[in-house]
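Read the structure below first, then the notes.
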Amino acid sequence: MKFCLSIIHISLYGLILFFIAAPTLGQELTVLQIAPFGGNLATAARDYNLGALLAVDEANELGGIRGKKLRLISRDDGNDAKNTLSQAIELIKTESPSAIIGVWGDASVDALLNNPVFKNSSMPIVGVRSGSTALRNQQQLFLVRSSYHDEVDGMQKQISVMGLNKVAIVYEDNLFGSDTFTYAEGLFKKENISILKSMKHNPSNLDFSTAVKDLIKAGPQAILIFSNTNAAAALVKGLREKMHPAFIIATSTVEASVLTTQLGPKIASGVAIAQSVPNPQKSSIVAMRLRNKMVSLNISPQRANFSSLEGYIAMRTVIEAMNRSDKGFKPQQLTSSLETMQRVDFGGFYIDFSPVKHDGSKFVELSIISEDGKLRQ
Numbered sequence: 088m089k090f091c092l093s094i095i096h097i098s099l100y101g102l103i104l105f106f107i108a109a110p111t112l113g114q115e116l117t118v119l120q121i122a123p124f125g126g127n128l129a130t131a132a133r134d135y136n137l138g139a140l141l142a143v144d145e146a147n148e149l150g151g152i153r154g155k156k157l158r159l160i161s162r163d164d165g166n167d168a169k170n171t172l173s174q175a176i177e178l179i180k181t182e183s184p185s186a187i188i189g190v191w192g193d194a195s196v197d198a199l200l201n202n203p204v205f206k207n208s209s210m211p212i213v214g215v216r217s218g219s220t221a222l223r224n225q226q227q228l229f230l231v232r233s234s235y236h237d238e239v240d241g242m243q244k245q246i247s248v249m250g251l252n253k254v255a256i257v258y259e260d261n262l263f264g265s266d267t268f269t270y271a272e273g274l275f276k277k278e279n280i281s282i283l284k285s286m287k288h289n290p291s292n293l294d295f296s297t298a299v300k301d302l303i304k305a306g307p308q309a310i311l312i313f314s315n316t317n318a319a320a321a322l323v324k325g326l327r328e329k330m331h332p333a334f335i336i337a338t339s340t341v342e343a344s345v346l347t348t349q350l351g352p353k354i355a356s357g358v359a360i361a362q363s364v365p366n367p368q369k370s371s372i373v374a375m376r377l378r379n380k381m382v383s384l385n386i387s388p389q390r391a392n393f394s395s396l397e398g399y400i401a402m403r404t405v406i407e408a409m410n411r412s413d414k415g416f417k418p419q420q421l422t423s424s425l426e427t428m429q430r431v432d433f434g435g436f437y438i439d440f441s442p443v444k445h446d447g448s449k450f451v452e453l454s455i456i457s458e459d460g461k462l463r464q
């Protein structure tokens with residue numbers, strides 16, 4: 088048997104090699120992932136890709152999809168929506184994929200959905216890495232993560248349970264930040280939670296010296312962060328240096344492992360982060376399957392994190408749809424199959440699609456970084 092080598096560079100962890108049996112020409116099914124495998128988003132994108140590759144290998148070990156082997160083609164778009172689109176169009180023409188998974192961010196998704204060639208392909212996009220409400224109810228999207236509004240609901244419940252009713256909100260000056268803040272503003276008003284201070288910031292600006300002073304002056308009991316990991320790290324560091332006691336809670340746009348690496352466990356400890364999949368180190372069946380697969384390939388199960396589990400779930404969703412598809416594996420046929428996946432249990436995580444509902448999950452769980460850098464519920 089011939090072998091092909093699928094290679095993915097994993098930031099901070101070195102090089103992981105996967106040997107997957109090469110299928111007979113014409114007897115394979117192809118899925119794409121085009122994502123930012125370099126730059127600030129690389130760690131999460133590569134871990135997501137790792138989880139997806141593990142699901143592919145798992146399916147192929149079980150005989151593939153009705154005898155057809157599954158292949159994941161991964162391309163780096165440099166976090167540039169133009170590159171996402173150009174590579175997608177090229178690969179659709181040359182590789183005839185059944186689906187795309189793990190597209191990163193609203194701009195890249197919009198570039199695909201607004202392009203006539205891509206739209207006419209009817210290509211389903213599964214597991215978009217965004218919780219934006221602007222992406223809900225799009226015909227070609229099948230979402231496996233909760234929305235940012237769902238995450239704010241989870242934050243509000245946690246704050247209320249803790250008896251906190253005075254908060255501050257720091258959010259990115261873009262559609263994601265503004266939309267999430269507007270929703271939080273309305274929700275907190277109904278729940279009698281006072282927003283003592285709100286401030287928006289340029290996503291690339293990491294100078295929070297003035298913001299920290301203003302937040303301390305406002306005196307909130309909790310500070311909510313709707314931002315990226317690097318900005319959140321700079322803000323948390325500034326608050327910790329001033330010994331501010333506020334409970335800090337962030338959306339899933341903040342990567343816990345990266346935050347802990349940047350700040351160190353001692354400074355990052357106590358920060359809560361909303362998660363859209365179960366804790367990968369806990370006992371849910373889906374998490375255990377991911378860890379077991381890692382062990383079988385001599386990968387440390389500590390590599391199981393929220394991003395790799397999300398990628399694993401996204402690919403498992405595609406695989407389930409392929410197994411259900413009795414008419415074929417072209418994009419339109421896979422779309423129809425995805426729409427039959429109502430209340431599918433992957434082992435502690437449910438996907439719920441229908442012909443009129445492509446918003447597959449409302450799962451939200453809050454994790455808190457402990458003093459040893461691990462995540463606790």
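Note that my numbering has the sequence shown beginning at 88, numbered continuously upward. No residue lacks a Cβ here, since even glycine has one placed at the ideal position from N, Cα and C.
Practice item. Provide the residue(s) that pair with tyrosine 437 in DSSP beta bridges, ordered along the chain. Key: Asp432
Point to revise | Inter-residue spacing [alpha-carbon to alpha-carbon] between glutamine 308 and asparagine 315 | key: 22 angstroms
Point to revise | Per DSSP, cross-strand counterpart(s) of lysine 287 | key: Tyr258
Exercise for review: Would you decide whether glycine 84 is buried or exposed? Buried here means 16 or more other CB atoms lie within 10 Å of its CB.
Suggested key: With the chain running from 88 to 464 in the structure shown, residue 84 is simply not present.
Review point. With a cut-off of 8 angstroms, do at least 3 Cβ pairs link the segment 446-464 to the segment 365-375?
Key: yes
Review point. Below 8 angstroms between beta carbons: does that hold for isoleucine 176 and valine 204?
Key: yes
Exercise for review: Return the CA-CA distance between leucine 159 and isoleucine 121, expressed in angstroms with no decimal places.
Suggested key: 10 angstroms
Exercise for review: In the DSSP assignment, find the unbroken beta strand (DSSP E) run with glutamine 362 in it and report its ends.
Suggested key: 359-362
Check your understanding: Which value, in whole angstroms, describes the spacing of the CA atoms of valine 299 and glycine 325?
Key -> 6 angstroms
Exercise for review: Could you tell me whether any non-hydrogen atom of the ligand GDP is closer than 7 angstroms to the CB of valine 299?
Suggested key: Looking at this structure, you won't find the ligand GDP or any other ligand, since it has none at all.
Point to revise | DSSP three-state assignment for phenylalanine 313, whether helix, strand or coil | key: strand
**Study point:** Among Leu251, Ala333 and Asn289, the one whose alpha carbon lies nearest that of isoleucine 280
**Key:** Leu251
Exercise for review: For serine 219, I'd like the list of residues in its chain whose CB is within less than 8 angstroms of its CB, leaving aside the five on either flank, ordered along the chain.
Suggested key: Asp193, Ser234, Tyr235, Leu262, Phe263 and Asp266
Check your understanding: With 16 other CB atoms within 10 Å as the buried threshold, where does leucine 199 fall?
Key -> buried
**Study point:** Through-space distance from phenylalanine 450 to aspartate 432, alpha-carbon basis
**Key:** 13 angstroms
Review point. Is it true that the segment 146-157 meets the segment 401-410, where meeting means three or more beta-carbon pairs spaced less than 8 angstroms apart?
Key: yes
Exercise for review: Just the C-alpha distance for aspartate 144 and valine 215, rounded to the nearest angstrom, thanks.
Suggested key: 21 angstroms
Review point. How would you label isoleucine 438, buried or exposed, when you count the other beta carbons within 10 angstroms and need 16 or more for buried?
Key: buried
Point to revise | lysine 461 - DSSP class collapsed to helix/strand/coil | key: coil
**Study point:** Beta-bridge partners of leucine 119, as assigned by DSSP
**Key:** Ile160 and Ile187
Check your understanding: Which two residues bound the contiguous beta strand (DSSP E) that contains phenylalanine 393?
Key -> It is not in any beta strand (DSSP E) - phenylalanine 393 instead sits in the alpha helix (DSSP H) that spans 393-411.
Check your understanding: Where does the unbroken alpha helix (DSSP H) through leucine 421 begin, and where does it stop?
Key -> 418-425
Exercise for review: Determine the contact status of phenylalanine 440 and leucine 116, defining contact as a CB-CB distance below 8 angstroms.
Suggested key: no
Review point. Going by alpha carbons, who is nearest to lysine 180 out of Val341, Pro418 and Met402?
Key: Pro418
Review point. For alanine 146, which residues from the same chain have a beta carbon less than 6 angstroms from its beta carbon, with the 5 sequence-adjacent residues on both sides left out?
Key: Leu157 and Ile406
Review point. Beta carbon of alanine 320, beta carbon of glutamine 349: below 8 angstroms?
Key: yes
Review point. Out of curiosity, what's the CA-to-CA distance linking glycine 273 and aspartate 301?
Key: 23 angstroms
Practice item. Name the residue from Val196, Ser185 and Leu149 whose alpha carbon lies nearest to the alpha carbon of asparagine 170. Key: Val196
Review point. Valine 521 to methionine 249, Cα distance in whole Å?
Key: Shown here, the chain extends from 88 to 464; a query on residue 521 therefore has no answer.
Exercise for review: Would you identify the three-state DSSP class for arginine 232, choosing helix, strand or coil?
Suggested key: coil
Check your understanding: How should valine 382 be labelled, buried or exposed, when 16 other C-beta atoms within 10 angstroms of its C-beta is the threshold for buried?
Key -> exposed
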